[in-house]
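Q:
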Amino acid sequence: FAVKPTSSIARPQATVDLQQHTDTTIVVTGRHDPCIVPRAVVVLESVTAMALADLGLRGGFLP
Numbered sequence: 001f002a003v004k005p006t007s008s009i010a011r012p013q014a015t016v017d018l019q020q021h022t023d024t025t026i027v028v029t030g031r032h033d034p035c036i037v038p039r040a041v042v043v044l045e046s047v048t049a050m051a052l053a054d055l056g057l058r059g060g061f062l063p
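For the sequence shown, the UniProt record's numbering begins at 1 and goes up steadily by one.
#1: Who does residue 82 pair with in a DSSP beta bridge?
#2: Cα separation between PHE61 and VAL43?
#3: Helix, strand or coil, according to DSSP, for GLY60 in the structure here?
#4: Going along the chain, which residues of its own chain have a beta-carbon closer than 8 angstroms to the beta-carbon of THR22, five neighbours each way excluded?
#5: Roughly how many angstroms separate the alpha carbons of ARG11 and ARG39, rounded to a whole number?
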């Protein structure tokens, strides 16, 4: 599965300046969200729910 990288990675990231309506880059110093485990749990739960719903639809168990 894929999880979006933490937003405070220490390398330049492409972003958009919403006030100027231009593409720009941002460099974050420091670590502001070092633990992504809680996010990974939500991603796994969501992927599992989608897989079960897909199986239910394909198997005719869900309308």
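Think of the CB as a built atom: it goes at the ideal place given N, C-alpha and C, for glycine as much as any other residue.
A: So, from the listed chains and residues:
#1: The structure shown does not extend to residue 82, since the chain spans only 1 to 63, so no value can be given for it.
#2: Cα to Cα, PHE61 sits roughly 24 angstroms from VAL43.
#3: coil
#4: VAL16
#5: ARG11 and ARG39 have their C-alpha atoms roughly 21 angstroms apart.
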